[in-house]
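Structure first, commentary second.
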Amino acid sequence: MPYFENCIGAIDGTHIGARVPPELQAAYIGRHGTPTQNIMAVCDFNMCFTFVLAGWEGSTHNSCIVQRALMEPSYHFPFPPTGKILIIN
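Heads up, the sequence shown is in the numbering used here, so the first residue is 172 and it goes up one at a time.
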């Protein structure tokens, strides 16, 4: 698989249903009209999670979560070694 030669894993987001107080629901309403949390996960090719960032409002776009994970040192994002890549879905 030459397309994935230097790839060590993948990043993707998913939405999980959330129970939120009525006064906070607007920010958690996802594209399907229900309150959700947007969760970003990184996994390797052994299907093991190497990083999870949970708790984001359902209205938050995946790209915003990835960018924040990359920029915020306190999240301890597992950057790939030089010459290796992660696929962002």
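Note that CB positions come from ideal geometry on N, CA and C, so glycine has one too.
Residues near residue i by beta carbon distance below 6 Å, same chain, minus five either side
| i | result |
| --- | --- |
| Q196 | P206 |
Cutoff 7 Å; reference residue i; Cβ partners in own chain excluding five residues on either side
| i | result |
| --- | --- |
| N177 | G254, K255 and I256 |
| V237 | I182, M211 and I259 |
| I200 | P206, G229 and S230 |
Spatially closest choice to residue i from the options, by CA coordinates
| i | options | result |
| --- | --- | --- |
| F250 | V191, Y174 and D215 | D215 |
| Q208 | P192, T185, M218 and P244 | T185 |
| W227 | N217, A240 and T221 | A240 |
Neighbourhood of residue i by C-beta, 8 Å cutoff - its chain only, sequence neighbours within 5 removed
| i | result |
| --- | --- |
| T221 | G180, V213, C214, D215 and P249 |
| V223 | I210, M211, A212 and V213 |
Please go through the stretch 175-236 and give each complete alpha helix (DSSP H) segment of 4 or more residues, from N-terminal end onward.
-> Within the stretch 175-236, complete alpha helix (DSSP H) segments of at least 4 residues are found at 196-199, given in chain order.
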